[in-house]
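Per this note's numbering, residue -9 is the first one in the sequence shown, and the count goes up by one each step.
All C-beta atoms, glycine included, are put in the ideal place defined by N, C-alpha and C.
What you are looking at is a predicted structure, and each value in this text was computed from that prediction instead of being measured.
Below: the structure, in structure tokens.
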Amino acid sequence: MVGSIGWNPFFQNSEKTIEANLLHEFDQDFYGSELRLIFCGYIRPERDFESLEALKDAIRHDQQIAWEACQLESCRQIQSDEFLLATGNGACEQ
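So this is what it looks like as structure tokens:
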């Protein structure tokens, strides 16, 4: 997952938001569902972009960095964290 916590200056948001860009492709839509996320690294500061395409390019680059980090043993251990695996009470199902 690549995430952003901030104001998203390209879209001139008036409120701070949290956005999650999931690296895994899912077979079904789960829009509106509860997600459990752990931020375990930092890639770059928030910034404005000259165009939507430049923003998309930066996100793709961030995704590549995150994908490579997910292969590290320290990150692989986080994937089995009890917080992420919990089910019930509205939590995401495995």
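Local conformation of residue i per DSSP, three classes
i: residue 8; result: strand
i: residue 64; result: helix
i: residue 33; result: coil
i: residue 28; result: coil
i: residue -6; result: strand
i: residue 52; result: helix
i: residue 40; result: coil
i: residue 1; result: helix
i: residue 15; result: coil
N- and C-terminal bounds of the alpha helix (DSSP H) containing residue i
i: residue 73; result: 72 to 75
CA-to-CA distance, residue j to residue i, given in whole angstroms
i: residue 4; j: residue -3; result: 7 angstroms
i: residue 9; j: residue -9; result: 10 angstroms
i: residue 59; j: residue 2; result: 30 angstroms
Does the pairing of the segment 69 to 76 with the segment 44 to 59 give three or more beta-carbon distances under 8 angstroms?
-> no
Inter-stretch contact (C-beta, 8 angstroms, three-pair minimum) for the segment 18 to 28 and the segment 37 to 46 | no
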